[in-house]
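See structure below.
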């Protein structure tokens, strides 16, 4: 009788256990590269990137609606701290309806290219885009400089970091320099928006501590379930997610045409193809006169970029970090939820060929419901701890 | 005396070398697709010969191009490009290609500076050799981890 009970208990235990996840060597190598990214890389194009005074000024500018044409829209209108520095909308909404989804600013200082199409090559260069865009903040150099000069808090902070504001009338060069400096201050602030370790990061560290085994059976950690382990295995194998979502940011940082159909009444977007000419003519590019490393590595790459037809409709691979906080997804918010995203990748249902481009790396994977459930469990472990609260509050309140 | 010192220096230099140096980034050779040219190549990464480039870091390809059929034939121009066949796209940058056609003897020497592989995966390097009348292609693969 005792023996029979023992067999039943053993069988029950075995049934309750999840099947052990076994990784291949290539999966092990991929996962080793996917851990916590740490501090953002230096930005030699912005000598104020890690200046505390510049970050303080940038913080104030970021939350200041008076920089906009109508005095009602700040950077934080679309990049809401409580929504992972996005707005939760499919398409951005400033002075009028935009044509792309608002990207999160969390961990943005790790990127090489900015916006969905990479039309900016530094965080400080990108900061000018929304301020001046007629559909976003609709501002002008004159309006922005007048606001900074007329608001003692901003003026004092500016002059502590960059020196005295020149007296009007300003030359074009003086105006450009002031606005460049303001972009560098906003970038210094945005570099503070780094997230802490996610449950996945903690699990990777634990896994590495025990020798990064290919058998995950013994590597358990609260917050990273057996289902998440299964999802990680699918992510790095049959799901083919790893082909673009690699490295510490879970993004290759590059541009791909995925065939997600444009939203109704929006024309096809040339994306990276059209962005290169904009980037190379941007006065605030890394090889331009306002860059602090105009002969640096990034500057040389920017000058050598060429627009090729295969870049048509190619958008930057977004990071998957903090993905639970940054819905909806894709460049026009085509997918409201992660199950919808995974359904698209699994079936390519509704995919369209983007004019010139056909990216063959993307193919139907026909994932099973269990595989999709695992991937969802894994993706939910990628949200890091929020940035320090001091950087998420509105300093004008 | 000078010869003596030079010999000593050479012996010392040889003596200081490790007994079994690692075969680092040797020149490799590939024949053009029509069999008429031999292209020797090596990569220069961060100023040093290397087996593979680094992802998103610029590098140089050094080239020696020589006719297999007629020693008087010269490469007059080179075009250097690279593709990712699985992705159906190429590089995002245009390298700067220079060529010394070798004059009266030896191989034409070329460089492609500012190459940049922006993604991991299989890259196919294409060298188009123009002798003034026809263009032939030599190609090889580089797997970027």
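Residue numbers (our numbering), protein chains in the order written: chain A, 9 to 405; chain B, 14 to 158.
Here a beta-carbon is modelled for each residue, glycine too, at the ideal position from N, C-alpha and C.
Quick one: is residue i near chain B, going by C-beta distance under 9 Å?
i	result
residue 339/A	no
residue 312/A	yes
residue 196/A	no
residue 247/A	no
residue 300/A	no
residue 290/A	no
residue 303/A	no
residue 322/A	yes
residue 284/A	yes
residue 2/A	Since the first residue of chain A shown is 9 and the last is 405, residue 2/A is not available in this structure.
residue 119/A	no
residue 37/A	yes
residue 40/A	no
residue 251/A	yes
So, at 7 Å on beta carbons, what are the nonlocal neighbours of residue i in its own chain, with the 5 sequence-adjacent residues on each side left out?
i	result
residue 286/A	127
residue 249/A	243
residue 79/A	73
residue 185/A	298
Name the chain B residues that come within less than 7 Å of residue i, Cβ to Cβ?
i	result
residue 394/A	The contacting residues do not exist; residue 394/A stays about 29 Å from chain B at best.
I'd like to confirm the pairing. Which residues does DSSP put opposite residue i in its beta bridges?
i	result
residue 154/B	137/B
residue 75/B	55/B and 124/B
residue 216/A	Bridge partners of residue 216/A: none, in fact.
residue 102/B	97/B
residue 148/B	143/B
residue 337/A	343/A
residue 279/A	322/A
residue 43/B	52/B
residue 201/A	Its beta-bridge partners do not exist; DSSP assigns none.
residue 63/B	56/B
residue 113/B	122/B
residue 264/A	323/A
residue 370/A	DSSP, once it has assigned bridges, lists no residue as partnering residue 370/A.
For residue i, would you say it is in contact with chain A, using Cβ-to-Cβ distances shorter than 9 Å as the test?
i	result
residue 157/B	no
residue 66/B	no
residue 105/B	yes
residue 91/B	no
residue 84/B	no
residue 124/B	no
residue 35/B	Here residue 35/B scores only 48 on pLDDT, less than 50, and its place in the model should not be relied on; the value that follows carries that caveat. No, because no Cβ of chain A sits closer than 9 Å to the Cβ of residue 35/B.
residue 62/B	no
residue 146/B	no
residue 109/B	yes
residue 141/B	no
In chain order, what residues of the same chain lie with their CB nearer than 8 Å to the CB of residue i, ignoring the 5 residues before and after it?
i	result
residue 41/B	53, 54, 55 and 153
residue 209/A	43, 44 and 392
residue 128/B	66, 71, 72, 73, 74, 93, 95, 104, 106 and 108
residue 350/A	375, 380, 383 and 384
residue 35/B	Legend: pLDDT at residue 35/B = 48, less than 50; position of this residue unreliable, value from coordinates given subsequently. Within the same chain, residue 35/B has no close Cβ partners at all.
Would you grab the beta carbon distance between residue i and residue j for me? Rounded to a whole angstrom, and I think it's under 8 Å.
i	j	result
residue 389/A	residue 137/A	Not really, about 33 Å apart at Cβ, beyond 8 Å.
residue 140/B	residue 91/B	6 Å
residue 89/B	residue 114/B	6 Å
residue 434/A	residue 192/A	The structure shown does not extend to residue 434/A, since chain A spans only 9 to 405, so no value can be given for it.
residue 120/B	residue 112/B	Actually they do not touch by this definition, with Cβ atoms about 11 Å apart.
residue 109/A	residue 341/A	4 Å
residue 61/A	residue 165/A	7 Å
residue 40/A	residue 220/A	6 Å
Whose Cβ in chain A lies nearer than 8 Å to the Cβ of residue i?
i	result
residue 127/B	308 and 312
Anything in chain B within Cβ reach of residue i, meaning under 8 Å, just list it in chain order.
i	result
residue 254/A	133
By the criterion of Cβ-Cβ separation under 9 Å, what are the contact partners of residue i in chain B?
i	result
residue 129/A	Chain B residues near residue 129/A: none, gap ~12 Å exceeds 9 Å.
residue 262/A	69, 105, 131 and 132
If you drop the 5 nearest sequence neighbours on each side, which residues of the same chain put their C-beta closer than 6 Å to that of residue i?
i	result
residue 114/A	92, 93, 201, 203 and 330
residue 299/A	53
residue 260/A	252, 254 and 325
residue 89/A	400
residue 125/B	74, 93, 108 and 110
residue 171/A	none
residue 149/A	183 and 187
residue 436/A	Missing from the structure shown is residue 436/A; chain A here goes from 9 to 405 and no further.
residue 82/A	71, 72 and 73
Determine the chain A residues that contact residue i at a beta-carbon separation under 9 Å, and present them in chain order.
i	result
residue 71/B	305, 308, 309 and 312
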